[in-house]
Amino acid sequence: MPIPFALLLSFISLWLASCWWLRRRRCCHGRTFLKDGPEAAMTSSPRVLFVTAHPDDEAMFFAPALLRLAQAQLWLFCASSGNYYSQGEVRKTELLESCAVLGIPSSNVTILDHRDLPDHPSVEWDVRLLSDLILKHIETHQIDLVVTFDARGVSSHANHKSLYAAVRYLHSERKLPEGCRVLTLETVNLFRKYISILDLPISWLQSPDALFVLAEEEAGLAKRAMQCHRSQLLWFRHLYVIFSRYMVINSLKFL
Ligand SMILES: [Zn+2]
Numbered sequence: 008m009p010i011p012f013a014l015l016l017s018f019i020s021l022w023l024a025s026c027w028w029l030r031r032r033r034c035c036h037g038r039t040f041l042k043d044g045p046e047a048a049m050t051s052s053p054r055v056l057f058v059t060a061h062p063d064d065e066a067m068f069f070a071p072a073l074l075r076l077a078q079a080q081l082w083l084f085c086a087s088s089g090n091y092y093s094q095g096e097v098r099k100t101e102l103l104e105s106c107a108v109l110g111i112p113s114s115n116v117t118i119l120d121h122r123d124l125p126d127h128p129s130v131e132w133d134v135r136l137l138s139d140l141i142l143k144h145i146e147t148h149q150i151d152l153v154v155t156f157d158a159r160g161v162s163s164h165a166n167h168k169s170l171y172a173a174v175r176y177l178h179s180e181r182k183l184p185e186g187c188r189v190l191t192l193e194t195v196n197l198f199r200k201y202i203s204i205l206d207l208p209i210s211w212l213q214s215p216d217a218l219f220v221l222a223e224e225e226a227g228l229a230k231r232a233m234q235c236h237r238s239q240l241l242w243f244r245h246l247y248v249i250f251s252r253y254m255v256i257n258s259l260k261f262l
């Protein structure tokens, strides 16, 4: 069989499987699946802290989890202002607009601007410094659940990976408050990353601890949040919004 035809056939099969799955699960309002987690905390207005590295991470990577956790009290801890191209001030404003779309009140958004935590794709942040700052935030706001990147950081950005290292440190050293759990966002391979909703059957088969899937209307909100980051909307970002599975699917694992 010619390769292009085989690829087309695979795409159609995945699409049909996704449609079948969504219909079977009556997924018209979006879906949230949890396994072996603090379900009670997740359904009774838990206090959830999203820990990101740059303004736009929340919309680019975490929008499905944020929108599906609308019943929770949400906080965002963004560890830098995204000043790599000296656009930090603009990006702070864009982040607050995006958070308003995603249901995080501006009073619950913290944007660090620390000289030892620069926005840089190859700078690994100091784990002790970062974990101290994150822990202080968790304790101040009595957080039940922390959500952040996994060890590969979705895009392999060193700053993303540093957040995982810091939270992992808090978890393994038992520094987190009693009952506080950590969910990390699964990094998928390049093929899966850009097949949008077609990744759903694969995500489901991987059996994550939490799977958040957006319905069409919610996916529209995720796109609106991305559009708030006007300074970042270069041509390839528009393609990202169309094709990335992180705009519609988040699969996460507990530490
Ligand atoms: Zn980032």
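When we follow our numbering, the leftmost residue of the sequence shown carries the number 8, and every step to the right adds one. Ideal placement from N, C-alpha and C gives every residue a C-beta, glycine not left out. In this text, all values refer to a predicted model and were calculated from it rather than measured experimentally.
Report the CB separation of Pro263 from Asn257 in whole angstroms; it is logged as a contact under 8 angstroms. Shown here, the chain extends from 8 to 262; a query on residue 263 therefore has no answer.
Taking all protein chains shown into account, do 16 or more other C-beta atoms lie within 10 angstroms of the C-beta of Lys168, making it buried, or fewer, making it exposed? Flag for Lys168 reads buried.
Would you list the residues sitting across from Ile256 in a DSSP beta bridge? Ile256 pairs with Val220.
Mind listing, in chain order, the continuous beta strand (DSSP E) runs of no fewer than 3 residues lying wholly within the region 100 to 155? The region 100 to 155 contains, as complete beta strand (DSSP E) runs of 3+ residues, the segments 116 to 118 (chain order).
Does DSSP put Cys35 in a helix, a strand or coil? The predicted position of Cys35 is uncertain, since its pLDDT is 39 and thus under 50; no value can be drawn from it.
For a test of your reading of the model: does the CB of His61 fall under 7 angstroms from any non-hydrogen atom of ligand 1? Yes or no. Remark: the shortest separation between the CB of His61 and any heavy atom of ligand 1 falls under 7 angstroms.
Distance between Arg188 and Gly110 (C-alpha atoms, nearest Å): When rounded, the separation of the alpha-carbon atoms in Gly110 and Arg188 is 21 angstroms.
In the DSSP output, which residue or residues are listed as bridge partners for Phe57? Phe57 pairs with Leu83 and Val154.
Smallest Cα separation from Leu119: which of Leu137, Glu131 and Val130? The shortest C-alpha separation from Leu119 is found at Leu137.
Pair every Cβ in the region 220 to 229 with every Cβ in the region 179 to 188, then say whether three or more of these pairs are closer than 8 angstroms. No: the two stretches stay apart, fewer than three of their Cβ pairs being nearer than 8 angstroms.
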